[in-house]
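Numbering (UniProt numbering), first residue to last: 1 to 166. For every residue, glycine included, the Cβ atom is placed at its ideal position computed from N, Cα and C. No experiment lies behind these values; they were computed from the predicted model shown.
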(Lines of atoms letter the chains of each structure in order from A and count residues from 1; the text may use other names and numbers.)
(Lines give C-alpha, C1' and ligand atoms only; values in the text may rest on other atoms or scores of the structure.)
Protein backbone atom coordinates (compact mmCIF):
# COMPACT_ATOMS: atom_id res chain seq x y z
CA UNK A 1 0.00 0.00 0.00
CA UNK A 2 1.31 3.44 -0.92
CA UNK A 3 2.38 5.76 1.88
CA UNK A 4 1.52 9.43 2.32
CA UNK A 5 5.11 10.21 1.28
CA UNK A 6 4.59 8.20 -1.93
CA UNK A 7 1.52 10.31 -2.70
CA UNK A 8 3.37 13.54 -1.88
CA UNK A 9 6.21 12.49 -4.19
CA UNK A 10 3.67 11.72 -6.93
CA UNK A 11 2.12 15.18 -6.61
CA UNK A 12 5.61 16.71 -6.68
CA UNK A 13 6.59 14.76 -9.80
CA UNK A 14 3.41 15.81 -11.60
CA UNK A 15 3.89 19.45 -10.54
CA UNK A 16 7.33 19.33 -12.15
CA UNK A 17 5.90 17.78 -15.33
CA UNK A 18 3.17 20.45 -15.48
CA UNK A 19 5.86 23.10 -14.95
CA UNK A 20 7.68 21.84 -18.05
CA UNK A 21 4.44 22.29 -19.98
CA UNK A 22 4.01 25.81 -18.63
CA UNK A 23 7.59 26.63 -19.61
CA UNK A 24 7.01 25.32 -23.13
CA UNK A 25 3.84 27.36 -23.63
CA UNK A 26 4.91 30.45 -21.73
CA UNK A 27 3.00 33.66 -22.12
CA UNK A 28 2.35 32.94 -25.82
CA UNK A 29 -1.02 31.47 -24.81
CA UNK A 30 -1.81 33.31 -21.55
CA UNK A 31 -5.02 31.51 -20.58
CA UNK A 32 -3.49 28.05 -21.11
CA UNK A 33 -0.35 29.21 -19.31
CA UNK A 34 -2.50 30.41 -16.39
CA UNK A 35 -4.32 27.07 -16.24
CA UNK A 36 -1.04 25.15 -16.17
CA UNK A 37 0.41 27.42 -13.50
CA UNK A 38 -2.65 26.87 -11.32
CA UNK A 39 -2.14 23.11 -11.69
CA UNK A 40 1.59 23.43 -10.92
CA UNK A 41 1.08 25.33 -7.68
CA UNK A 42 -1.86 23.18 -6.57
CA UNK A 43 0.28 20.06 -6.90
CA UNK A 44 3.32 21.66 -5.25
CA UNK A 45 1.01 22.66 -2.40
CA UNK A 46 -0.51 19.20 -2.04
CA UNK A 47 2.96 17.66 -1.96
CA UNK A 48 4.10 20.14 0.69
CA UNK A 49 0.98 19.78 2.82
CA UNK A 50 1.07 15.98 2.67
CA UNK A 51 4.75 15.92 3.58
CA UNK A 52 4.15 18.17 6.57
CA UNK A 53 1.14 16.17 7.76
CA UNK A 54 -1.05 19.28 7.54
CA UNK A 55 -3.72 17.53 5.44
CA UNK A 56 -5.04 14.03 4.88
CA UNK A 57 -4.78 12.19 1.59
CA UNK A 58 -8.56 12.36 1.20
CA UNK A 59 -8.44 16.14 1.60
CA UNK A 60 -5.59 16.43 -0.92
CA UNK A 61 -7.40 14.28 -3.47
CA UNK A 62 -10.67 16.18 -3.13
CA UNK A 63 -9.65 19.80 -2.65
CA UNK A 64 -8.68 22.58 -5.02
CA UNK A 65 -7.78 24.96 -2.20
CA UNK A 66 -4.31 23.65 -1.40
CA UNK A 67 -2.33 26.59 -2.79
CA UNK A 68 -3.93 29.07 -0.40
CA UNK A 69 -3.07 26.80 2.54
CA UNK A 70 0.53 26.57 1.37
CA UNK A 71 0.66 30.37 0.90
CA UNK A 72 -0.63 30.86 4.42
CA UNK A 73 2.11 28.58 5.76
CA UNK A 74 4.75 30.43 3.71
CA UNK A 75 3.61 33.78 5.05
CA UNK A 76 3.26 32.64 8.67
CA UNK A 77 6.46 30.62 8.76
CA UNK A 78 8.84 32.98 7.01
CA UNK A 79 11.71 30.53 7.37
CA UNK A 80 10.05 28.41 4.66
CA UNK A 81 10.53 31.16 2.07
CA UNK A 82 14.06 32.09 3.16
CA UNK A 83 15.72 29.52 0.84
CA UNK A 84 13.71 31.08 -2.01
CA UNK A 85 14.58 34.70 -1.23
CA UNK A 86 11.91 35.70 1.28
CA UNK A 87 8.32 36.94 1.19
CA UNK A 88 9.04 40.51 0.08
CA UNK A 89 10.91 39.34 -3.03
CA UNK A 90 7.97 37.21 -4.17
CA UNK A 91 4.88 39.12 -2.97
CA UNK A 92 3.60 39.71 -6.53
CA UNK A 93 4.07 36.03 -7.36
CA UNK A 94 2.25 34.91 -4.22
CA UNK A 95 -0.63 37.17 -5.29
CA UNK A 96 -0.68 35.47 -8.72
CA UNK A 97 -0.78 31.99 -7.13
CA UNK A 98 -3.71 33.02 -4.93
CA UNK A 99 -5.56 34.65 -7.84
CA UNK A 100 -5.08 31.58 -10.03
CA UNK A 101 -6.49 29.34 -7.31
CA UNK A 102 -9.55 31.57 -6.91
CA UNK A 103 -10.17 31.25 -10.66
CA UNK A 104 -10.32 27.43 -10.54
CA UNK A 105 -13.80 26.33 -11.74
CA UNK A 106 -14.52 24.53 -8.44
CA UNK A 107 -13.73 27.68 -6.43
CA UNK A 108 -14.81 30.56 -8.68
CA UNK A 109 -18.41 31.74 -8.57
CA UNK A 110 -20.41 30.40 -11.56
CA UNK A 111 -21.17 33.93 -12.74
CA UNK A 112 -17.55 35.04 -12.38
CA UNK A 113 -14.30 34.66 -14.28
CA UNK A 114 -12.64 31.26 -14.20
CA UNK A 115 -9.68 29.50 -15.75
CA UNK A 116 -11.30 26.88 -17.95
CA UNK A 117 -14.81 27.80 -19.02
CA UNK A 118 -16.85 30.69 -20.38
CA UNK A 119 -19.06 32.63 -17.97
CA UNK A 120 -21.91 35.08 -18.23
CA UNK A 121 -21.21 38.52 -16.79
CA UNK A 122 -23.64 40.92 -15.08
CA UNK A 123 -24.65 42.40 -18.46
CA UNK A 124 -25.61 38.93 -19.77
CA UNK A 125 -22.56 38.88 -22.05
CA UNK A 126 -20.54 35.72 -22.46
CA UNK A 127 -16.87 35.99 -21.50
CA UNK A 128 -14.10 33.43 -21.82
CA UNK A 129 -10.65 33.00 -20.32
CA UNK A 130 -8.55 33.49 -23.46
CA UNK A 131 -10.03 36.94 -23.96
CA UNK A 132 -11.41 38.09 -20.62
CA UNK A 133 -9.60 36.52 -17.68
CA UNK A 134 -7.67 39.37 -16.07
CA UNK A 135 -4.97 37.24 -14.48
CA UNK A 136 -4.27 35.59 -17.85
CA UNK A 137 -4.07 39.01 -19.50
CA UNK A 138 -1.65 40.18 -16.81
CA UNK A 139 0.51 37.08 -17.29
CA UNK A 140 0.57 37.70 -21.05
CA UNK A 141 1.59 41.37 -20.72
CA UNK A 142 5.36 41.58 -21.35
CA UNK A 143 5.52 44.99 -19.64
CA UNK A 144 4.46 43.44 -16.33
CA UNK A 145 7.05 40.64 -16.44
CA UNK A 146 4.74 38.51 -14.26
CA UNK A 147 5.02 35.38 -16.39
CA UNK A 148 8.80 35.39 -16.10
CA UNK A 149 8.70 36.00 -12.35
CA UNK A 150 6.09 33.30 -11.69
CA UNK A 151 8.07 30.78 -13.75
CA UNK A 152 11.28 31.75 -11.95
CA UNK A 153 9.57 31.23 -8.57
CA UNK A 154 8.10 27.88 -9.67
CA UNK A 155 11.48 26.66 -10.93
CA UNK A 156 13.18 27.79 -7.74
CA UNK A 157 10.49 26.07 -5.67
CA UNK A 158 10.94 22.92 -7.75
CA UNK A 159 14.73 22.97 -7.36
CA UNK A 160 14.64 23.62 -3.60
CA UNK A 161 11.43 21.79 -2.71
CA UNK A 162 13.15 19.12 -0.61
CA UNK A 163 14.98 21.80 1.41
CA UNK A 164 11.84 23.84 2.04
CA UNK A 165 9.48 20.89 2.59
CA UNK A 166 11.63 17.91 3.72
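Residue i, buried or exposed, once every other Cβ within 10 Å from all chains shown has been counted against 16
{"i": "residue 143", "result": "exposed"}
{"i": "residue 109", "result": "exposed"}
{"i": "residue 53", "result": "exposed"}
{"i": "residue 20", "result": "exposed"}
{"i": "residue 112", "result": "exposed"}
{"i": "residue 89", "result": "exposed"}
{"i": "residue 11", "result": "buried"}
{"i": "residue 106", "result": "exposed"}
{"i": "residue 86", "result": "exposed"}
{"i": "residue 70", "result": "buried"}
{"i": "residue 42", "result": "buried"}
{"i": "residue 81", "result": "buried"}
{"i": "residue 51", "result": "buried"}
{"i": "residue 103", "result": "buried"}
{"i": "residue 200", "result": "Lying before the first or after the last residue shown, residue 200 is absent from the chain, which here runs from 1 to 166."}
Reduced DSSP category for residue i - H, G, I as helix; E, B as strand; rest coil
{"i": "residue 119", "result": "strand"}
{"i": "residue 160", "result": "helix"}
{"i": "residue 16", "result": "helix"}
{"i": "residue 5", "result": "helix"}
{"i": "residue 143", "result": "coil"}
Whole-number beta carbon distance between residue j and residue i, since they are thought to touch under 8 Å
{"i": "residue 31", "j": "residue 133", "result": "6 Å"}
{"i": "residue 115", "j": "residue 45", "result": "No, residue 115 and residue 45 are not in contact; Cβ-Cβ is about 16 Å, not under 8 Å."}
{"i": "residue 160", "j": "residue 92", "result": "About 19 Å separates the two Cβ atoms, so there is no contact after all."}
{"i": "residue 7", "j": "residue 57", "result": "6 Å"}
{"i": "residue 37", "j": "residue 100", "result": "6 Å"}
Closer than 7 Å: residue i CB and nearest the ligand SAH heavy atom
{"i": "residue 162", "result": "The model depicted lacks the ligand SAH and carries no ligand whatsoever."}
May I ask you to verify whether the segment 54-73 touches the segment 145-157, counting CB pairs closer than 8 Å and requiring at least 3? no
Touch check for the segment 13-23 and the segment 121-141: three-plus C-beta pairs under 8 Å? Too few Cβ pairs lie closer than 8 Å, so no.
At 4 residues or longer, and completely inside the segment 17-60: list those alpha helix (DSSP H) runs for me, N to C. Fully enclosed alpha helix (DSSP H) runs of 4 or longer: 30-52.
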